[in-house]
Amino acid sequence: SERRLVFGHTHLPFRRMSSGGVELINPGSVGMPFDGDPRAAWALIDPGGRVEHRRVAYDNESAARAMTDRFGEAPWAQRSAERLRHARA
Numbered sequence: 010s011e012r013r014l015v016f017g018h019t020h021l022p023f024r025r026m027s028s029g030g031v032e033l034i035n036p037g038s039v040g041m042p043f044d045g046d047p048r049a050a051w052a053l054i055d056p057g058g059r060v061e062h063r064r065v066a067y068d069n070e071s072a073a074r075a076m077t078d079r080f081g082e083a084p085w086a087q088r089s090a091e092r093l094r095h096a097r098a
């Protein structure tokens with residue numbers, strides 16, 4: 010039988026096999042990926058078990074600007090805006 014673990018929180022999309030033979034799948038992050046590609050990242054697992062990582066472009070600069078417009082110079086807002094712009098932690 011297949012052994013597969015799907016998880017998130019790292020903001021880094023990947024798919025690999027563990028040393029124990031478990032397929033590890035991280036779909037990435039729709040709002041704030043940390044792999045240098047600012048497009049929204051997600052994964053689709055179809056009924057047959059096939060995994061496809063996908064990307065969708067969005068206006069991340071507008072999202073970053075909206076954050077700083079709304080929350081001003083708050084340090085967390087500035088950091089988050091930079092993460093949106095550059096897709097890096």
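Its first residue numbered 10, the sequence shown is counted upward by one per residue in this note's numbering. A virtual CB, placed ideally from N, CA and C, is assigned to each residue, including glycine.
query = How about ALA52 and PRO36: do their beta carbons lie closer than 8 Å?
reply = Contact flag set, yes.
task = Give the secondary structure of LEU7 by DSSP, where H, G and I count as helix, E and B as strand, and everything else as coil.
result = Since the first and last residues shown for the chain are 10 and 98, residue 7 lies out of range.
inquiry  = Nearest by alpha-carbon distance to VAL65: which of ALA49, THR77, ALA73 and ILE54 is it?
reply    = Nearest to VAL65 by C-alpha distance, out of ALA49, THR77, ALA73 and ILE54, is ALA49.
inquiry  = With a threshold of 7 Å on Cβ separation, who are the neighbours of LEU21 within its own chain once the five nearest residues in sequence on each side are excluded?
reply    = Once the five neighbours on either side are set aside, the close Cβ partners of LEU21 are ASN35, GLY37, PHE43 and ASP44.
ask   = What number of angstroms, rounded off, separates the C-alpha of THR76 from the C-alpha of SER89?
value = Note that residue 76 is Met in the sequence shown, not Thr. Answer to the nearest angstrom: the Cα atoms are 8 Å apart.
message = Here's the rule: buried if 16 or more other CB atoms are within 10 angstroms of the residue's CB, otherwise exposed. What is LEU14?
response = Burial call: exposed.
ask   = Beta carbon of PRO47, beta carbon of ALA96: below 8 Å?
value = In this structure, PRO47 places its C-beta atom within 8 Å of the C-beta atom of ALA96.
ask   = Alpha carbon to alpha carbon, what distance is there between ARG24 and VAL31?
value = CA-to-CA, the gap between VAL31 and ARG24 works out to about 11 Å.
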